[in-house]
Amino acid sequence: MNQKDLKRYKKMLEDSKTSLLESAKKTLVEESNFDTDDLPDEIDLASSEYAQSMVFRLRDREKFLLQKIEKALARIEDGTFGICERCEEDISPKRLEARPVTTLCIRCKEEQEKKEKSYG
Numbered sequence: 002m003n004q005k006d007l008k009r010y011k012k013m014l015e016d017s018k019t020s021l022l023e024s025a026k027k028t029l030v031e032e033s034n035f036d037t038d039d040l041p042d043e044i045d046l047a048s049s050e051y052a053q054s055m056v057f058r059l060r061d062r063e064k065f066l067l068q069k070i071e072k073a074l075a076r077i078e079d080g081t082f083g084i085c086e087r088c089e090e091d092i093s094p095k096r097l098e099a100r101p102v103t104t105l106c107i108r109c110k111e112e113q114e115k116k117e118k119s120y121g
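The opening position of the sequence shown corresponds to residue 2 in our numbering, with each subsequent residue numbered one higher.
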């Protein structure tokens, strides 16, 4: 992979990271203002707690994505970005465009998904 492509993927990853961190900061500020005394009844409270729970689950997923972004940035630095961890073939540029944090080529990913389905 050439340096121009690596810089483009690095920028994509860094932009995603920045966006996720800004979103997390916004959520932190919004959720810290949550006061259960402002809700008039139990139904409103339950609904609000459910919504808050969903937000925190989304943040957990984003935290996992942030970890993947960090690992992808490290792979750019150590020269292994764009190489499948399983078969060591190059990952197609289309796949990297769609999912720059990927570590598997499309063939290996499909094999992995088939195995996961067979285990139920």
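Note that beta-carbon positions come from the ideal geometry of N, C-alpha and C, so glycine has one too.
Residue state for Asp91 is assigned as strand, using DSSP reduced to three classes. Ile84 has Asp91 as its beta-bridge partners, per DSSP.
If the five residues before and after Phe82 are omitted, its C-beta is found closer than 6 Å to the C-beta atoms of Arg76, all from its own chain and listed in chain order.
For Ser17, the closest of Lys115, Glu71, Glu50 by C-alpha to C-alpha distance is Glu71. Nearest neighbour of Arg87 by Cα position, chosen from Arg100, Ala73, Cys106, turns out to be Cys106. When the beta-carbon positions are compared, Lys69 and Val102 come within less than 7 Å of each other. Shown here, Thr28 sits in a helix according to DSSP, grouped into three states. In the three-state scheme derived from DSSP, where H, G and I count as helix and E and B as strand, Arg76 is classed as helix.
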